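For what it's worth, the working numbering labels the leading residue of the sequence shown as 71, then goes sequentially. Using N, Cα and C, we set each Cβ at its ideal position, and we do this for glycine too. Quick caveat: nothing in here was measured; it's all calculated off a predicted structure.
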Amino acid sequence: MGTFLPLITGAIWLYIAWRFVWPLPASPATRTALALVLLLAAEYHQIILRFFGTLASPELPQWVLIILAWAFGVVLLLALLLLLRDIAGLLTWLPAHALGRAILQGRALGLAIGGLALVLAAIGVWQAVKVPHIKTIAVKIPNLPAAFDGYRIVQLTDTHASRLLSESWQAAVVARANQLNPDLIVITGDLADGTPEERARDVQPFSRLRARDGVLAIPGNHEYYADYIGWMPAYRALGLTMLENSHVLIQRDGQALAVAGVTDRQATAFGLPGPDLPAALAGIPAGTPTILLDHRPGGAPKNATHGVALQLSGHTHGGQILGLHLLTQMANDGFVSGLYTVGPMTLYVSNGTGLWSGLAIRLGRPSEITQIVLRPE
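Below, the structure is given as structure tokens:
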């Protein structure tokens, strides 16, 4: 992605320069200046990579990251709106030539699109960085023991502790999760961006998560980008039980529920153990209902063949922008947000509690703290 990103954003910038900047009723100097500003916004990831850390974890003040997120959001949304305008104009051209020409070349419409992109980007960044609301769902589990009827699990995922979603934001999420007084808290990957040393303060609120049966977590792909070997003991020191191709049995009144977790496939790029579901399930007594924590939802069809009753995933952030979420859906084998029935298994894909600072915008795909209530089928 790092290789192709500047090419993709460069192409987006060229399209905006052609279809928005040059038709503006302004002097050549003004249009050139605006084009350069938009180029800097489009390629800000490369500037960060060069001068301010890594793509996964830019070490800049929060207010700077918010401004950069807004500027990049303007570029992205402006290109999308211009594309929709051009498609509408071309479709209108043949049956109504004059109307199609007005849509394609109208200056007032172009300026309105520019203003709309500015406003939508601001709304999208605010939606991205606000503390999520609670979303409650009920999931039926075959052969769920009576002792676990009404069992409440709080799922956090993609918290991405960083300079953008820092200690105070993480603390607010922890407080909101604790207020639900859950039986179990699970975190399905991408807990933090950066090294354990850089994020030591920002992840500290995780130590205050409270649930009757503890806090279980798995790594996501972002755990591997900085220091996976360092992060695992750091998370355990915060009181999180890390499930790396392993499981735990939760006991209630002599009855059991299994929760298994796997690593992320990004592990293999670093010479580390990739996801191994048979190893994670090994030793679970026959007939025990099993919940699987798997950061990515794409492996659900295969996981469903191993007797898993419920898979909890994140990774997609719900696609972040309504409409563009279809691209994320295609990249994740058709799974992007919400409940799915996959053979005998139920899959729930959270929209994510937080997100990566490199694309900090949400429109129509809200973040969430998910409360899952188990019911017998």
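Mapping DSSP to helix, strand and coil, what is residue i?
i	result
A379	coil
E293	helix
G185	helix
I288	strand
L313	coil
H203	strand
V318	strand
V195	helix
N438	Note on identity: in this sequence residue 438 is Glu, with Asn being the wrong assignment. In this structure, E438 counts as strand in the three-state DSSP scheme.
L264	Just to set this straight, residue 264 is Gly in the shown sequence, not Leu. The answer is coil: DSSP assigns G264 none of H, G, I, E or B.
T331	The residue you asked about is not Thr; residue 331 is Gly in the sequence shown. Here G331 sits in strand by DSSP.
A112	helix
A281	coil
M71	Per-residue confidence for M71 stands at a pLDDT of 49, beneath the threshold of 50, marking its modelled position as unreliable; the derived number appears in the next sentence. It is coil, neither helix nor strand.
N251	coil
W239	helix
W426	coil
G176	coil
L190	helix
L308	coil
Ordered along the chain, which non-local residues of its own chain (more than five positions away) have a Cβ less than 6 Å from that of residue i?
i	result
T440	K205, Q225, S420
V285	I255, L279, L310
W426	H230
T265	A296, D297
G300	P266
A158	I173
Q325	P215, A217
I257	L226, A287
A105	A87, V91
L261	T229
Taking DSSP's pairing of strands, which residues face residue i in a bridge?
i	result
R222	V443
R432	Looking at the DSSP assignment, R432 forms no beta bridge with any residue, so it has no partner.
P128	G123
T258	I288
Q325	R322
V273	In DSSP, V273 forms no bridge with anything.
I211	P446
A498	Outside the shown range of the chain, which is 71 to 447, sits residue 498, and nothing can be said about it.
Residues in its own chain within less than 7 Å of residue i by CB, not counting five upstream and five downstream?
i	result
G377	T360
L149	Checking the sequence shown, residue 149 turns out to be Ala, not Leu. Once the five neighbours on either side are set aside, the close Cβ partners of A149 are I82, Y85, I86.
W88	none
T338	G344
L138	Y114
L147	A187, L190, A191
P414	A374
In its own chain, which residues sit with a C-beta less than 8 Å from the C-beta of residue i, not counting the 5 before and 5 after it?
i	result
D219	L444, R445, P446
E129	F122, G123, R233, G264, E268
P436	Q197, P202, H203, G388, N421
G408	Y418, V419
P131	R233
I354	H317, L319, A328, A330, T360
I193	L433
Buried or exposed for residue i, going by 16 or more other Cβ atoms inside 10 Å?
i	result
A81	exposed
G422	buried
R271	exposed
V412	buried
T100	exposed
S238	exposed
D228	buried
H203	exposed
Q321	exposed
R233	buried
Q381	buried
T375	exposed
G143	buried
A330	buried
S316	buried
D323	exposed
H365	buried
P289	buried
F74	exposed
Q336	buried
Using a Cβ-Cβ distance under 8 Å, would residue i count as near chain B?
i	result
R280	Judged by its chain identifiers, the structure shown contains no chain B, having just a single protein chain.
Are there any heavy atoms of the ligand ZN lying less than 7 Å away from the beta-carbon of residue i, as far as the coordinates show?
i	result
S437	What this structure holds is no ligand at all, so the ligand ZN is not there to describe.
### Task
Could I get the ranges of all uninterrupted beta strand (DSSP E) runs contained in the region 341-423, with 3 residues as the minimum, in chain order?
360-363, 380-383, 408-412, 415-419
### Message
Going residue by residue through the region 77-106, where are the continuous beta strand (DSSP E) segments of at least 3 residues, counting only ones entirely within it?
### Response
none
### alpha helix (DSSP H) runs wholly inside the region 126-165, at least 4 long, in chain order
132-163
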